[in-house]
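Engineer: Mind looking over this structure? Questions follow.
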Amino acid sequence: MDLKKNIFDNIKECEIKIGYREEDMNLYYPKESLQELLLTAEENLSQAIAAFCESAGQELGGLTIKETEEKGRYCVHVPSEGVRYVHENVNDSPFLKAFLEEIFNPGNTVDDIVNIFKRFSQDVAVEKIHEHEWGIFFRNPEIDPYVYYLEQDEFGLQYHRFTKKAYDALKDSHGTE
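Reading the sequence shown from the start, the letters are residues 210 to 386 in my numbering.
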């Protein structure tokens, strides 16, 4: 996966959740994620960012990536013309649409979410991280390359999407049951 695909996927995720809005969008990435998605080392990050902004400009407009006041965190600013480009040229993911419909259903369970995954492939990994936390992903990243990290609390299920590498780092830092 690369940064452009990740940006496209994040824009589509927002669009599926709240509908299309032709407005600027800010996406936030830790430095490690940018390095992973740009396939670069820390010492080359500035040059990789500049090259990416130039190469992605045709599709995403005057895209900018700047470190925030919170060191190690970057803001990817996608202008409205970039959001429009994604809306007009990138298809919705059938899996993501089904997942988002289910995750927001009151009273749903982890099994309900796993069943959504299994509608698209039987080859699904479900990893229990802690008592109320799971990582779920397709073993074939062509279906969907992300790990969906689920947490259950008194309000129901919440999710976060991670690249496999970011998920593995998170899992390693927390330890598993």
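Positions of the beta carbon are idealized from the N, C-alpha and C atoms, including for glycine.
Would you tell me roughly how many angstroms separate the C-alpha atoms of I345 and A375, rounded to the nearest one?
Structural biologist: 14 Å
Engineer: So is Y237 buried or exposed if we call it buried at 16+ other beta carbons inside 10 Å?
Structural biologist: exposed
Engineer: Could you tell me whether the Cβ atoms of I216 and V287 are closer together than 8 Å?
Structural biologist: yes
Engineer: Using the rule of at least 16 other Cβ atoms within 10 Å of the residue's Cβ for burial, across every protein chain shown, is G364 buried or exposed?
Structural biologist: Per the sequence presented here, residue 364 reads as Phe, with Gly not at that position. By the neighbour-count rule (16 or more Cβ atoms within 10 Å), F364 is not buried but exposed.
Engineer: For V292, which of V333, L379, E278, K213 has the nearest alpha-carbon?
Structural biologist: K213
Engineer: Provide the residue(s) that pair with V334 in DSSP beta bridges, ordered along the chain.
Structural biologist: The sequence given here has Ala at residue 334, not Val. Per DSSP, F346.
Engineer: With H, G and I counted as helix, E and B as strand and the rest as coil, what does DSSP make of P239?
Structural biologist: strand
Engineer: Alpha carbons only, please: which of P350, R348, K373 is nearest the one belonging to E245?
Structural biologist: Of P350, R348, K373, the smallest CA-CA separation from E245 is found for K373.
Engineer: May I ask you to report which of helix, strand or coil DSSP gives I274?
Structural biologist: strand
Engineer: Do you know offhand how far A257's Cα is from T249's?
Structural biologist: 7 Å
Engineer: Pairing CB atoms from the segment 259-270 with CB atoms from the segment 323-330, are three or more of them under 8 Å?
Structural biologist: no
Engineer: Starting from M234, follow its DSSP beta bridges and name the residues at the other end.
Structural biologist: V287
Engineer: Tell me the DSSP secondary structure of D377 in three-state form.
Structural biologist: helix
Engineer: Using a C-beta cutoff of 8 Å, does F346 count as contacting chain C?
Structural biologist: Any reference to chain C falls outside this structure, which holds one protein chain only.
Engineer: What are the partner residues of R293, as DSSP defines its beta bridges?
Structural biologist: Paired residue(s): none; R293 is not in a bridge.
Engineer: Between which two residues does the beta strand (DSSP E) holding G266 run?
Structural biologist: Careful: G266 lies outside any beta strand (DSSP E), inside the alpha helix (DSSP H) at 254-269.
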